[in-house]
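In the working numbering, the protein residues as written are 95 to 611. Ideal Cβ placement from N, Cα and C applies to all residues, glycine included. Computed from a prediction, not measured in an experiment: that's the story for all the values here. See below for the structure under consideration.
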């Protein structure tokens, strides 16, 4: 069955230019689609010739149209792209009808694939860059949401004895990871509902040995284990359980009223639910605001920070509004402990997430994490703010795997992109540029240095930078030109970007600045 031909047609193919010196050319190839692969052959005198290439269906991550370039020849008016693990293929159909037929057939075959892309590039990769976003790496994250991938499935677990009353409910799509804890009962039904309303039911069976299964060959001791397996394998269903968008997290809408005054909230409207973590300034709790919204509440204990420090951090957060920065909703500052009420990020700190779930992520997803942080830092720089404490521990991960920058306690507004800290100021040595630990001079350039260290943390899945050295040794080694090694998961191109972040500011220039001060 896997070798049965689904679609076969003579199409125009653009050379993939896997080598930098490869020429750009266009050749007609006989394309053959089966359930196992998409192959293309030489074609001469109405005969199939030698196979020129083949892509396994399970390795395809996106199939979509491509916007036309200017002055496109008639023969290349209907392009589409096939993004797969390890490459990018451009193909041209004879007309719109034939293109739609190929897209539909390919979409049908790849719908259960792991690691489908959520974004794609709508324009061609030409002359070493994507024309849509100017990114220079073929494996760079897409810049346009791929609508075909954004199919939401509602997942329900129902007890038959409860006459279809909900026991547990969650929403599934293609991002983020959550675990579902369920009550024990004898019979269950899984069903999925797409945006278009199509419903698929699956009976969760139980064996005489008290094991659960959807497909007889895959039995599990508990329903959570069954769900965990089917997050990674469809095994007969219309789709695998992609990942949970949220566990009923009800976020504060942008239009929500922030309470009395500009940023003071009513303490009685906030209910603390459970502790999420603790730090030098106090504890962080999951809370409910106005009985509706899930929020993170940073409780600042008395004496942990001065009133000026608290006010400065809160005011900084209130000024900054960006999709990749953790939002501050307001504060309760009239009594101790002071509450700083922030956006709740259900997957916690990026560092912890990398250490616990990093092995489940693909290199492209790791790159998307770096892109999110880069987006936030570019915004901070445009607003003339220096973060001064950028690290994986100070970024948070949302339920859909979006990463946002947090912890603005050391953030400063600057007029000339330079902030000279007072003597005795504490700073994270292993994330700091040489001009910071030699002269306590911070700038957007030192934030770039820290971003390079964060990239290294991401691609090592949360390792400690310079793990063999203490702070004094790091200062000595970095001053002598030592830099962090290339992580295994990083390509040469990405490592070069990382390494470029550690281009040292001239020491003489720093010394001259010091003399002027």
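Handout entry: Of the listed residues 371, 558, 345, 413, nearest to residue 493 (C-alpha basis)
Key = As a first step, residue 493 must be located in the chain shown, where it is residue number 399. Of the candidates 371, 558, 345, 413, the one whose C-alpha sits nearest the C-alpha of residue 493 is 345.
Handout entry: Close Cβ partners of residue 146 (< 7 Å) along its chain, the five nearest in sequence each way excluded
Key = Looking up residue 146 in the chain shown gives position 52. Around residue 146: 123, 134, 135, 136.
Handout entry: Nearest-angstrom Cα separation, counted from residue 304 out to residue 461
Key = The residue given as residue 461 occupies position 367 in the chain shown. The residue given as residue 304 occupies position 210 in the chain shown. In a straight line, the C-alpha of residue 461 is about 42 Å away from that of residue 304.
Handout entry: Proximal residues to residue 132 (C-beta, below 8 Å), its chain only, five neighbours per side dropped
Key = Here residue 132 refers to the residue found at position 38 of the chain shown. The residues are 125, 126, 148, 149, 151, 154, 176, 200.
Exercise for the section: Kindly indicate which residue of 168, 485, 499 has the alpha-carbon position closest to the one of residue 421. Expected result: Residue mapping note: residue 421 aligns to position 327 of the chain shown, counting from 1. With distances taken between Cα atoms, residue 421 lies closest to 499.
Handout entry: Sub-7 Å separation of residue 502 and residue 412 beta-carbons
Key = What you label residue 502 is simply residue 408 of the chain shown in a count that begins at 1. What you label residue 412 is simply residue 318 of the chain shown in a count that begins at 1. No, the Cβ-Cβ distance between residue 502 and residue 412 is not below 7 Å.
Practice task
Inspect the CB distances between the stretch 444 to 461 and the stretch 541 to 556 and report whether three or more fall short of 8 Å.
Solution key: yes
Handout entry: Cβ separation of residue 389 and residue 423, assumed to be a contact under 8 Å, to the nearest whole Å
Key = Taking the chain shown and counting its residues from 1, one reaches residue 389 at position 295. Taking the chain shown and counting its residues from 1, one reaches residue 423 at position 329. With 8 Å as the limit, residue 389 and residue 423 qualify as a contact, their Cβ atoms being about 6 Å apart.
Problem - Identity of the residues DSSP links to residue 142 by a beta bridge - result: Translated into the one-based positions of the chain shown, residue 142 becomes position 48. Answer is 137.
Handout entry: Own chain residues within Cβ distance below 6 Å of residue 364, not counting five before or after
Key = Within the chain shown, residue 364 is the residue found at index 270, counting from 1. Excluding sequence neighbours, residue 364 sits near 381, 383.
Practice task
Using 10 angstroms around the beta-carbon of residue 325, count the other beta-carbons present and answer buried if the total reaches 16, otherwise exposed.
Solution key: What you label residue 325 is simply residue 231 of the chain shown in a count that begins at 1. The residue is buried, with at least 16 neighbouring Cβ atoms inside 10 Å.
Exercise for the section: Give the range of the alpha helix (DSSP H) segment to which residue 469 is assigned. Expected result: The residue you call residue 469 lines up with position 375 of the chain shown. Looking at the DSSP string, the run of the alpha helix (DSSP H) that includes residue 469 is 457 to 476.
Handout entry: Among 567, 372, 573, 533, the one whose alpha carbon lies nearest that of residue 487
Key = By 1-based counting over the chain shown, the position of residue 487 is 393. Considering only alpha carbons, the answer is 372.
Exercise for the section: Pick helix, strand or coil for residue 439, following the three-state DSSP scheme. Expected result: Along the chain shown, one-based indexing puts residue 439 at 345. Coil.
Exercise for the section: List the DSSP bridge partners of residue 486. Expected result: Position 392 of the chain shown holds residue 486. Looking at the DSSP assignment, residue 486 forms no beta bridge with any residue, so it has no partner.
Problem - Distance CB(residue 466)-CB(residue 418) smaller than 7 Å - result: The count along the chain shown starts at 1 and reaches residue 466 at position 372. The count along the chain shown starts at 1 and reaches residue 418 at position 324. Their beta carbons are under 7 Å apart, which means residue 466 touches residue 418 by this criterion.
Exercise for the section: Compare the beta carbon distance of residue 184 and residue 170 with 7 Å and say whether it is the shorter of the two. Expected result: Taking the first residue of the chain shown as 1, we reach residue 184 at position 90. Taking the first residue of the chain shown as 1, we reach residue 170 at position 76. Taking 7 Å as the Cβ cut-off, residue 184 and residue 170 do not qualify as a contacting pair.
Exercise for the section: Tell me whether the beta-carbon of residue 615 lies closer than 7 Å to the beta-carbon of residue 546. Expected result: This structure cannot speak to residue 615, because the chain is shown only from 95 to 611.
Practice task
Quick one: using the 10 Å Cβ neighbour count with 16 as the cut-off for buried, is residue 471 buried or exposed?
Solution key: For the purposes of this step, residue 471 is taken as the residue at position 377 of the chain shown. Buried, by the Cβ-count rule.
Practice task
Return the CA-CA distance between residue 110 and residue 219, expressed in angstroms with no decimal places.
Solution key: Here residue 110 corresponds to residue number 16 of the chain shown, with the count starting at 1. Here residue 219 corresponds to residue number 125 of the chain shown, with the count starting at 1. If I take the Cα positions, the gap works out to 10 Å.
Handout entry: alpha helix (DSSP H) segments (min. 4 residues) lying fully within the stretch 517 to 551
Key = 528 to 533
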